[in-house]
Amino acid sequence: MVKIYLLWFIIYNLSIKTYEADVLKIGAIFDKTSPYKEKAFLLAIDDANDKATNDEYEFEGIIKKIEYDDSFQSMNVTCTLIQEGVVGILGPVSEDNSNVMQSILDLKEIPHIDVRWDDQPLNGTVVNVYPYPDVMTRVYLTILNEWQWESFVILYENNESLFRVAELLKLFHDSGSKIVVRQLDKHKTGNYRSTLKEVWRSGATHFMLDCSIDILEAVLRQAQQIGLMTSKHHYIITNLDLHTFELTPFTYSETNITGMRFIDPTNEMIMQVASRIFFTESEIEENMANKYEAGYKLQLETALVYDAVSMFIEAVKSAPKISSPSINCYENDGGWPSGQTVVNLMKGLEYEGLTGKIKFDNKGFRTDFGLDIIELHEENVAKVGTWNSSEGLNITRTYLSENKVDDESLTEPYGMLKFSADQLYGNDRFEGFGIDLIHELSLMEGFNYTFIIRDDKQNGKYDPELNKWTGMIGDVIDGVAHLAITDMTITSQRAEVVDFTTPFMNLGISILYQKPKKAPPSFFSFADPFAFTVWKLLAAAYFGVSVILFILGRICPDEWTNPYPCIEEPEYLVNTLSLGNCFWFITGSIMQQGSEIAPLAISTRMVAGSWWFFTLIMVSSYTANLAAFLTTESPDSQFNTVYELVKNAEDKRIKYGAKLDGATFNFFKNATNNEVYQQIYAYMEDHKSEVMVLDNKDGVAKANEEKYAFFMESVSIEYETQRKCELNQVGNLLDEKGYGIAMKKNSPYRNPLSKAILRLQETGKLAALKRKWWEERRGGGQCAVTTPLNLKNVEGVFWVSIGGTVIACILVFIEFTSHITKECVKTKTPFRVAFMKELKFYFTFSGMVKPVVYNSEKDSVSRKSDEAVLENCVAKGESTETLKTFPPIIGSKLVLERQAQRAVEAGASFGGVDRPTPRFMGVGGGGAAARAKVGLAEPEPIKDWQRVRSCFGPPILFSDNKRGNRKEILYALGAFLETSTCFIYY
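Residues -21 to -1, 1 to 965, numbered by mature numbering (1 follows the signal peptide of the UniProt record, and there is no 0), are exactly what the sequence shown covers, in order.
And the structure:
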């Protein structure tokens, strides 16, 4: 069994070897460095081998490189390839090299595959897949006629470029058109400004540009610098690789740039082949964006290389059995017998490649092809049409005409004349919602448009006498305009004769009337900036924070202070945060005034800080709204609905009407099922001359000046009330309708424009346009209504105040317990007893004086020492009340007897003495407050200031106490300066 299988395997392999495919070689000569063309050449061969359904042929590529315009090298390389037995040769680009190679291949009857621009007759074995130049000239001519260019400038790069446009000049010779031809750079310096300046001075605005893609950016950049890239300039670029050029830097110059392309970069087949040419498989797998980018990098000649090789291989496969030629290039031994057969088969073949359909005429020219027409728009390059040999030019964008009227009848804000000090032309004269909407649609759908003006004021109605529609609807029906856009309501009657897009704005009929007369403001109108709930909470916060501050002040140990700093161990402590003081402190904060009361503890300061932040926000919010609310008055409405209007119109002498023969008037006319609406229609018919107007503007003016209710579309009412603050909308909508763009019945524009409008709605662009023209431009936003601040507006600041108060309560508890703990250790009292005692004192609210408890003998001695010092000072002539006000200096609380004595003596000598009770007055005699404080009479003036310095200035003042403690010396000096209320200059 094993032997049988082994024998079968050997026979199978021998059969494979016996029927191995013939290898046919295809040569390629490249005289320009072009790795992508070489890769495209090899890729086309590999793809053909992979797609082979039989093993008859296998193709192999041979690449040779030569110098540009080197005829001798071209001849040698061509012969080398013939010696290697190639069945066909691709290239080269240079005309001289190509002519030499073609003469040899014609002699040896080997197919020559060409992919370059060439206007010479095709003889022998050459097949050129490049589009035939004469046909390309027809394309240019068709576009120029479509664009209606009567004069333009042709800018060309070199002689080859001139040859391409020469045939076009012949066609225009007898047309009467003015054509100027200029070479961009005769000396090949890269400076094109001199030529561009010349055409700029001539005032030319239309240009046909024929140059390589390599210099295109430099030409456009320099043209932009010269001033030839503006909205009034138009370029037709003949280079068929325009899709590979980055036009983004020129998108906002508003220059009109038109071009052509054979390659659609978004085509799936093109993206697949191009991605394999420009990227490796791993690069594509790592980043799929490379696949989509590749299509925009693929140039026409690279794609033609792939197409030409693929098409040549198809021709070879369709030929009878052939073998590789065995020809000596240097001997006259005839040509390859199968060569002409392959050429004829290739010329008769119809092939679909990367560059579209490839088909040759009976002369071997590629005359049957198609290409895309592209244009630069504001955001990108867009396809705007196509051209093919059978149907000619087909522009898919459309020149649109929008019907508008003159400056008195242009409907705001849909279309208005633009304010400008300069003379404006064409579409630049207009602005408005409708203008912007058409502009957005043109960017999305790729069409151009031209606005025209109407002289009448009608959107359109049916005239039975003339048996036709008038106004803008009539223009659309008659073909005067392709589209009509304004405040045109979609109605069933209009929809019978024209098509409408999806509504770009939804609305309904409502009433425009004067705002109700204002009632005088209330006595407490100053309270209007806050809602009543806010005022209640503000009052609650005021009382709550005051009481909390009072309670925390009593609990917090740091708020209880020594009233006499000179006594180290006082009998009692005092607290400045009484209930009255707390209310006064909170009142001063909210009034943004000082109260001279300052919390000392962290917890009380936390409450104070939270309250200050609270008052900062509240006062700022109140001030911001106060000005608006002082002018707010309560309205006194005359009617609120359409039913109240009809019911009270006669009693209150109110007239009402609508635009004559407009959609609103017809609404009431056709509303046969509603008695009130029929009553409105009957009233308007009976008083037509008084209440009906020809234009919405007239109705708005009438409503503004009289007691007149004007029925009008809600969006138009919204627009007017944004600018005329004395008018407003009354009542709800009476119906629902929409504004749409009108066009001819069965128009091809309907579906694309409707879809574009839906996309604008989904992206919020329509809402942004409405906000722009209703609220921001032309005086919009003047009548914004201010509403009072509710609790939601300020609740955050309440929570900040509450949070600060809660934190303060936590801190005061910590401070309180810490203080009790220290006192328990100091006095050896149980914590619970001390805690309850302190708590009982704080919450009895009996006063702001707190006794101090002393238990140690040391504390008693210290108190006695302080009392002895105080009595000694009194014995020397100082009153007790005066000594109690001595400020502590650097923490010392002692008064030296010697310094007190010297102070009294000096005061008696140099100030003044109140007899018979001598009291110290001070060196300067003291002020009135100081004298009243110590009971002194009018002082005697000091005459000898030198003596004062000698007695009191350093170091004489303390010359008798050189061993004294420094703190004591400074304290004595401070005591002296405090009581004398003067300054001693030394």
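Using N, Cα and C, we set each Cβ at its ideal position, and we do this for glycine too. Note that this is a predicted model, so its numbers are computed, not measured.
Counting of Cβ neighbours within 10 angstroms places His666 among the exposed residues, the total staying below 16.
Phe479 carries a strand assignment under DSSP once its states are collapsed to helix, strand and coil. Excluding the 5 residues flanking it on each side, Cys535 has same chain C-beta neighbours closer than 7 angstroms at Ala580, Ser582, Thr583, Val791, Glu794, Phe795, in chain order.
Residues Leu579, Ala580 of the same chain have their beta carbon placed closer than 6 angstroms to that of Asp537, with the five preceding and five following residues left out of the count.
Taking a C-beta distance under 9 angstroms as the contact criterion, Phe131 and Ser156 qualify as a contact pair.
Pairing Ile42 with Glu17 gives a Cβ-Cβ distance under 9 angstroms. The region 224 to 294 is shown to contain whole beta strand (DSSP E) runs of 3 or more residues at 235 to 240, in chain order. For Arg473, the enclosing alpha helix (DSSP H) starts and ends at 471 to 474. Put simply, of Ser173, Glu136, Glu272 the residue whose alpha carbon is nearest the alpha carbon of Ile216 is Glu136. In the three-state DSSP reduction, Arg408 falls in the helix class (H, G or I). For secondary structure counted as the beta strand (DSSP E) over 3 or more consecutive residues, the region 291 to 348 holds these complete runs in sequence order: 330 to 332, 335 to 337.
When secondary structure is reduced to three states using DSSP, Tyr521 falls in the helix class. CA-to-CA, the gap between Met239 and Tyr660 works out to about 60 angstroms. Looking at Gly364, Asp351, Ala287, Ser668, the one whose alpha-carbon comes closest to that of Lys326 is Ala287. In the structure shown, Thr643 adopts helical secondary structure according to DSSP, grouped into three states.
Beta-bridge partners of Ala7 (DSSP): Ile42, Leu69. Short of 6 angstroms from the beta carbon of Tyr119, and not among the five residues preceding or following it, lie these beta carbons of its own chain, in chain order: Leu147. Within the DSSP bridge table, the entry for Val105 names His91 as partners. Beta-bridge partners of His213 (DSSP): His185, Asn235. Around the beta carbon of Ala603, fewer than 16 other beta carbons lie within 10 angstroms, which makes this residue exposed. Below 8 angstroms, enough C-beta pairs join the region 162 to 178 and the region 188 to 207 to call them touching: three or more. The bridge partners DSSP lists for Trp591 come to none.
Ranked by how close their Cα comes to the Cα of Arg180, the residues Ile205, Cys190, Asp189 have Ile205 in first place.
Residue nearest to Tyr687 within the set Phe564, Lys494, Gln658 is Lys494 (criterion: CA-CA distance). DSSP places Val459 in the coil class of the three-state scheme, outside both helix and strand.
Met484 is bridged by DSSP to Tyr718. The beta carbon of Leu283 sits closer than 7 angstroms to those of Val94, Val108, Tyr109, Thr334, all from its chain and outside the five residues before and after it, given in chain order.
For Val672, no alpha helix (DSSP H) segment is defined, and its DSSP state is neither H nor E. Per DSSP, the unbroken beta strand (DSSP E) holding Trp366 starts and ends at 360 to 367. In this chain, the alpha helix (DSSP H) harbouring Glu741 covers 729 to 741. Cβ contact annotation for Met484 (same chain, cutoff 8 angstroms, sequence separation greater than five): Val694, Gly717, Tyr718, Leu745, Lys749, in chain order.
Note that the C-beta distance between Lys87 and Gly318 is below 9 angstroms.
Exposure of Trp778 is indicated by the presence of fewer than 16 other C-beta atoms within 10 angstroms of its C-beta.
Pairing Asp220 with Ile133 gives a Cβ-Cβ distance that is not under 9 angstroms. Residue nearest to Ser589 within the set Ile194, Gly636, Leu528 is Leu528 (criterion: CA-CA distance). DSSP places Leu558 in the uninterrupted alpha helix (DSSP H) bounded by 558 to 569.
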